[in-house]
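All letters in the sequence shown, in the order written, are residues 3 to 379 by the working numbering.
In what follows, a single structure is set out as C-alpha cells and then discussed.
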Amino acid sequence: MRVLVTTSHGAGHVFPPIALAHALRAAGHDVLFAVPGASCAHVARAGLHAFDSSPTADTEEIFGRLLAERGMTFDRFRTDSPEAVTLAAELFARTSEATVERTVEVATAWRPDLVLYTELQGAGPLVAALLGVPAVEHTISCHHFRQISSRFGPWLAAVYRQYGLDGPPPPPAATIDTRPPSIATYDLGGWPMRALPYTTGAMLPPWLLERPARPRVAVTLGTLRPQLSGVGELRTVVRAAGAVDAEFVLALGDAGPAELGPLPANVRAEGWLPLTALLATCTAMIHHGGNGTTLAGLGAGVRHLVLPGGADDYEVARILRARGVAMVSSPEAVDADLLRHLLTDDALLAAAAEVRDETAALPSPAAIVPRLEKLAG
C-alpha cells in the first residue's frame, strides 16, 4: 500500500503523523510526505521521505504576510473568537492552495492507495477526491480544528473548479483521533489512537538517564514561540524557580539563555532535548500550551502549568484546567508560591495520572494500520 501524507508547514503540523508513518513502514507499506518548504527537513530527520509541496511559494511567508496585513504577528494571533476562526480558515486555505499544484502532480505519478492529511491541510482531501482513493484525517490538536477547516470553501472554490470538483471534497473516510477521551470537547466520530509524540532522536546526556535527587520540572515554549519572540518572557519563571526546592530544566531549542540573565543553581538550560525522555524524569512541566507539547505531557502523567501566548494556546489551557491537570498563568505572574503549588497539588497529580492511564489504553499506531489497509482495499 502507498500512503501519501499531506501536512501544513511547521513542526506542530509535521510531527503528529510521524508515529503512524513509522508504523505503516514497519508493516511494509510505502509512505511519502507532501510538506511545504523547509519543513521537509523534519520528515527527513525522522528517517522518512518527503517532497516540497510548495516549491514556487513560501507558505510561511504567505501566512506571515496575511497576518501582517491585519496588524498581527503569529505569536500573538489567537483562535478563540469567531472572527479569529474565520481568519484562521483563510490563512490555512491560502497556504493549502499553494501546495495543491505540486501535490496533485506528484500524487498523479506516484498513485497512492490512501491519502492521510493533518487537520488544516486542504490539498490532501482534494487529491484523494481526484484520484478516487480514501482520505483519512489525522488530528493534531487537543481540541479540534474542524471549525476552521470546514470554512475553507470560499477561498478554495476556484481551485476545486480548476480540478473539476463541483464543491469541497467529501468528508474524510475516517478521522484518526489522538485526543485522550476525557479532554475531548467535541466528538469527531473517529478512530481513537494513542498519541506517541515524535520529539526527534538524540543521544541522551548522562544526567537524563539518572533518577533526579529532587523533583524535576521541564520548562519549554515549544518550537515556534522562541523563534518568533525569544525566551525572555521566562525571566520571571526563572527567578521564582531559584527559591523552590526542585530542579528546573529549560528546553530552549536553538534559543540561548542569554535573555534570561544569570541562572539560579537549580536551573539548567539545555538546547534540543527529546521531550518525551525529559518528561519521563519529571514531576511537572511548564509550557505554552502547544498541542504536541501538551499531548506529550498528558502521556507522561505530569502536572501542568500553562503560560498561553497565541494561536490556540488559550483553548488548550482552558481544556487542561477544566480537566484538572493544569494551572494557568501569565509568565509575569509566576512566583515561588505558584511553583510550590504546582509541585505539591495532589488533585493535579491524580487527574494527570487518570489521563495518562486512559492515553495508554488507547490503540497504538500499529493497531490502526490494519484498519487503514482494509479501508484502502
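For each residue, glycine too, the CB sits at the ideal point set by N, CA and C.
If you're wondering where the values come from, they're calculated on a predicted model, not measured in any experiment.
Residues near residue i by beta carbon distance below 8 Å, same chain, minus five either side
| i | result |
| --- | --- |
| L377 | L116, P136, V138, A175 and A176 |
| W274 | T202, A204, A253, G255 and D256 |
| L50 | I20, A23, H24, R27, V33 and F35 |
| I321 | C144, H145, I185 and T187 |
| H343 | M329 |
Same chain, Cβ closer than 7 Å to residue i, neighbours up to 5 away in sequence not counted
| i | result |
| --- | --- |
| A279 | L206 and L210 |
| P57 | R104 |
| R96 | I64, L68 and W157 |
| S143 | E121, N293 and D314 |
| E375 | M3 |
| A271 | L252, L254, P259 and L265 |
| G12 | S41 and L226 |
| E132 | Looking at the sequence provided, one finds Leu at residue 132 rather than Glu. Hits under 7 Å: V106 and Y165. |
| A282 | A302 |
| P367 | A21, L22, A25, M195 and L198 |
| R181 | T141 and C144 |
Rounded C-alpha distance that separates residue i from residue j
| i | j | result |
| --- | --- | --- |
| G294 | R163 | 35 Å |
| P171 | V161 | 11 Å |
| L262 | P127 | 44 Å |
| L223 | Y165 | 40 Å |
| A427 | H145 | As displayed, the chain neither begins before 3 nor continues past 379, which places residue 427 out of reach and without an answer. |
| A28 | T296 | 27 Å |
| R1 | R216 | The chain is shown from 3 up to 379; residue 1 falls before or after that span and cannot be answered. |
| G234 | P310 | 15 Å |
| P173 | Y119 | 12 Å |
| D339 | P38 | 44 Å |
| T361 | V304 | 13 Å |
| V246 | L341 | 7 Å |
| A197 | R323 | 20 Å |
| D82 | E317 | 7 Å |
| A335 | L236 | 11 Å |
| P18 | Q229 | 20 Å |
| Q123 | Y200 | 19 Å |
| G192 | A286 | 30 Å |
| F94 | E62 | 10 Å |
| V269 | P214 | 13 Å |
| R218 | H289 | 14 Å |
| A59 | S10 | 13 Å |
| P276 | A220 | 11 Å |
| C284 | R373 | 35 Å |
Where residue i sits in the DSSP three-state scheme
| i | result |
| --- | --- |
| T81 | coil |
| Y162 | helix |
| R113 | coil |
| A125 | helix |
| L26 | helix |
| F94 | helix |
| E139 | strand |
| L364 | coil |
| A271 | strand |
| R4 | strand |
| H145 | coil |
| T101 | helix |
| V87 | helix |
| T75 | coil |
| L254 | coil |
| L118 | strand |
| F65 | helix |
| V357 | helix |
| V106 | helix |
| H15 | helix |
| V45 | helix |
| L34 | strand |
| A21 | helix |
| A59 | coil |
| A245 | coil |
Residues of its chain near residue i, where Cβ-Cβ distance is below 6 Å and the 5 sequence neighbours each way are ignored
| i | result |
| --- | --- |
| S125 | In the sequence on display, residue 125 carries Ala and not Ser. Excluding residues within five positions, the ones whose Cβ falls inside 6 Å are T8, S98, T101, V102 and T105. |
| A86 | R80 |
| G155 | P170 |
| T346 | none |
| V330 | V308, A319 and R323 |
Beta carbon proximity, residue i to chain C, threshold 9 Å
| i | result |
| --- | --- |
| E235 | Here there is only one protein chain, and chain C is not present. |
Taking three-plus beta-carbon pairs below 8 Å as touching, is the region 44-55 in contact with the region 65-75? no
At which residue ranges does the region 275-348 contain complete alpha helix (DSSP H) runs of 4 or more residues, listed in the order of the chain? 277-281, 293-302, 315-325 and 338-346
Give the list of continuous alpha helix (DSSP H) stretches no shorter than 4 residues that lie fully inside the region 167-242. Runs of the alpha helix (DSSP H) inside the region 167-242: 227-231.
With three or more C-beta pairs closer than 8 Å as the rule, is the region 107-125 touching the region 351-368? Taking 8 Å as the limit for Cβ pairs, the verdict is that the region 107-125 does not touch the region 351-368.
Are the region 236-247 and the region 186-199 touching by the rule of at least three beta carbon pairs closer than 8 Å? The way I'd put it, the region 236-247 doesn't touch the region 186-199; fewer than three beta-carbon pairs between them come closer than 8 Å.
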